[in-house]
Structures are given as structure tokens and as C-alpha cells.
Amino acid sequence: MLRNRYSYFFFIVLVIFVLSACERNETVCPLDEGSPQATLSLEELINLSPPAAASSEPVEVLIRGRKMKVDRLVDYPLCNDNWSGTVYVSCDAQVAEAEFDADANPLFLRGCNLNIAPNTVVYVAAHNDAPYYKGCSCHTGSAP
Numbered sequence: 001m002l003r004n005r006y007s008y009f010f011f012i013v014l015v016i017f018v019l020s021a022c023e024r025n026e027t028v029c030p031l032d033e034g035s036p037q038a039t040l041s042l043e044e045l046i047n048l049s050p051p052a053a054a055s056s057e058p059v060e061v062l063i064r065g066r067k068m069k070v071d072r073l074v075d076y077p078l079c080n081d082n083w084s085g086t087v088y089v090s091c092d093a094q095v096a097e098a099e100f101d102a103d104a105n106p107l108f109l110r111g112c113n114l115n116i117a118p119n120t121v122v123y124v125a126a127h128n129d130a131p132y133y134k135g136c137s138c139h140t141g142s143a144p
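So this is what it looks like as C-alpha cells:
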């Protein structure tokens, strides 16, 4: 009888685990509901000059439900830039329409001059605020 209770308990735990794994994850960036923005070509982005130097004051943003200070808030067209410290790429950042490599990675930074200093942490809103520590090579087509 005791064995049946344990079996029943573990079955319930397993069912709850499976059901919670199938739960739909909300994304940080909402679906575009307004008027669509013109898509920028990679050539247009490559020809843009780098944005003005970041403010020396950290900016406070909401990342994973917590307020965090970041050294740079990227909410502009993304291509030529220099990043260091902690960077947050917001939902408002614009990227070029992507080509895809053999592994279906979008290469929207190919040809851009994006310099990311060592030990920089980049949070990306379009990836549910995931932190990245090793640059953006998957979007340039270069080796990491």
C-alpha cells in the first residue's frame, strides 16, 4: 500500500513537471502592433556613422523583472558601435533584414563594425533578456 502511494506521488510530480515545461513563455518584446517601420538594409546600416559616445552615467533598465544599471542602452539602429561594461539591447534597437547561414543563424551584423570589449555583458531583450558574454559572432558569421 505504501509503495502505491509513492508511485502515485511521483506520477503526479512527473505530470506537473511535464505540464509546466509545455507552458508558453512570454517574450520581453511585444509583437509589433503599430504601423510597421521601414526595414533597414544592411548596406544602409553599414554606412551609418557610429552613435555618439555613451553617457558616463549608468542608465536604469528593467531586466528580468529587476531594475539594473547598464553602461549603455542600445535603442537605435545597430551596426557600427563600441560596447563595454554592461549593455542592454532594447526592443527598440533596429537590425538589418537578415541573411541566414547553413545553421539558420541570422547574419544581420555581417560587415558591421561592432566592437565589444572583453568582459562585456550584453543583455538582449529580443532573446528574453538573456545575458551574453562572448560577443555577437553568431550574427556576423565569424568564428567565436
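Here the sequence shown stands for residues 1 to 144, numbered as in the working numbering. Virtual Cβ for every residue (Gly too), placed ideally from N, Cα, C. This one's a predicted model, so the numbers in the text were calculated from it and none came from an experiment.
For Cys112, count neighbouring Cβ atoms within 10 angstroms of its own Cβ and tell me buried if that reaches 16, exposed if not.
If you number the sequence shown from 1, residue 112 lands on position 112. Taking a 10 Å sphere around the C-beta of Cys112, we find 16 or more other C-beta atoms and assign the residue as buried.
Taking DSSP as the reference, what is the three-state secondary structure of Ala130?
The residue you call residue 130 lines up with position 130 of the sequence shown. When DSSP states are grouped into helix, strand and coil, Ala130 belongs to the strand group.
Taking a contact to mean a Cβ-Cβ separation below 7 Å, would you say Leu45 touches Cys79 in this structure?
Along the sequence shown, read from residue 1 onward, the residue named residue 45 stands at position 45. Along the sequence shown, read from residue 1 onward, the residue named residue 79 stands at position 79. Yes. Within cutoff.
Given a cut-off of 7 Å on the beta-carbon distance, is the pair Val59 and Val70 in contact?
Locating residue 59 in the sequence shown gives position 59, where the first residue counts as 1. Locating residue 70 in the sequence shown gives position 70, where the first residue counts as 1. Cβ atoms of Val59 and Val70: closer than 7 Å.
CB Val87 to CB Arg72, shorter than 7 Å?
In the sequence shown, counting from the first residue as 1, residue 87 sits at position 87. In the sequence shown, counting from the first residue as 1, residue 72 sits at position 72. A distance below 7 Å separates the beta carbons of Val87 and Arg72.
Of the listed residues Val28, Ser84, Glu57 and Val61, nearest to Leu114 (C-alpha basis)
By 1-based counting over the sequence shown, the position of residue 114 is 114. Comparing Cα positions, the closest option is Ser84.
Do Leu40 and Ala96 have their C-beta atoms closer together than 7 Å?
Locating residue 40 in the sequence shown gives position 40, where the first residue counts as 1. Locating residue 96 in the sequence shown gives position 96, where the first residue counts as 1. Closer than 7 Å, so yes.
Sort Ser49, Pro77 and Pro51 by Cα distance to Gln94 and report the nearest one.
Translated into positions along the sequence shown, residue 94 becomes position 94. Looking at the Cα atoms, Pro77 is the closest of the given residues.
Limits of the alpha helix (DSSP H) - the one that Asn47 falls within:
For the purposes of this step, residue 47 is taken as residue 47 along the sequence shown, with counting starting at 1. That run of the alpha helix (DSSP H) goes Leu42 to Asn47.
Have a look at Leu107, Lys134, Ala130 and Arg110 and flag the residue whose alpha-carbon is nearest the alpha-carbon of Thr120.
The count along the sequence shown starts at 1 and reaches residue 120 at position 120. Relative to the Cα of Thr120, the nearest Cα in the group Leu107, Lys134, Ala130 and Arg110 belongs to Lys134.
Taking 7 Å as the threshold (C-beta atoms), are Cys29 and Ala104 in contact?
Stepping through the sequence shown from its first residue, residue 104 is reached at position 104. Stepping through the sequence shown from its first residue, residue 29 is reached at position 29. Going by C-beta atoms, Ala104 is not nearer than 7 Å to Cys29.
I need the boundaries of the beta strand (DSSP E) containing Asn115, first residue and last residue.
Here residue 115 refers to the residue found at position 115 of the sequence shown. Its beta strand (DSSP E) spans residues Leu114 to Ile116.
Rounded separation between Asn25 and Phe108 - CA only:
Within the sequence shown, residue 25 is the residue found at index 25, counting from 1. Within the sequence shown, residue 108 is the residue found at index 108, counting from 1. Low local confidence applies: a pLDDT of 49 at Asn25 is under 50, so the model's placement there is unreliable, with the coordinate-based value given in what follows. In this model, Asn25 and Phe108 are separated by some 25 Å (Cα to Cα).
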